[in-house]
Amino acid sequence: MDIKIIFIVYCYFLLPTSKSISSIVQKLKGKSAFIINKEDILEQEFHWGIGYFAVSVSPRFIKSTRAYINNQWSKHEKVSYEKEIKQFDHLTKRLY
1 MDIKIIFIVY CYFLLPTSKS ISSIVQKLKG KSAFIINKED ILEQEFHWGI
51 GYFAVSVSPR FIKSTRAYIN NQWSKHEKVS YEKEIKQFDH LTKRLY
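FYI, the numbering for the sequence shown is 1 to 96, going by UniProt numbering.
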């Protein structure tokens with residue numbers, strides 16, 4: 001089985017206290033996969049990977065967080081997904 005990273009998705013939203021991150025991610029993944037497969041956007045059936053990463057953002061970091069997300073397209077023109085995953089893996093190991 002050939003597995004490739006096709007999408008890295010960044011979302012920024014205000015989460016109501018009545019909702020959990022896991023419920024939002026489940027709906028986001030489920031509905032987007034349904035649409036991608038229904039519309040035959042890809043040559044093969046699309047499935048999201050297992051899991052997700054979420055982080056809360058303090059109000060004072062909203063502007064820099066938006067800038068970070070907006071910069072991702074140009075960043076991925078210079079840095080491969082594989083390299084970013086390795087960098088991310090290294091970062092998370094330092095955090096935990």
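Don't be surprised by glycine CBs; every beta carbon is placed ideally from N, CA and C.
Given the structure is predicted, the values throughout are model-derived calculations rather than measurements.
Check                                                                                      : Outcome
Residue nearest to Phe13 in terms of C-alpha spacing, selected from Tyr52, Leu42 and Arg66 : Arg66
Backbone secondary structure at Trp73 - three-state DSSP                                   : helix
Cα-Cα separation, Trp73 to Ser18                                                           : 32 Å
Residue span of the alpha helix (DSSP H) that contains Gly30, given as start and end       : Ile21 to Lys38
Alpha-carbon to alpha-carbon, Trp48 and Asp40                                              : 15 Å
Proximity to Ile21 [Cα-Cα], best of Asn37, Lys31, Gly30 and Ser56                          : Ser56
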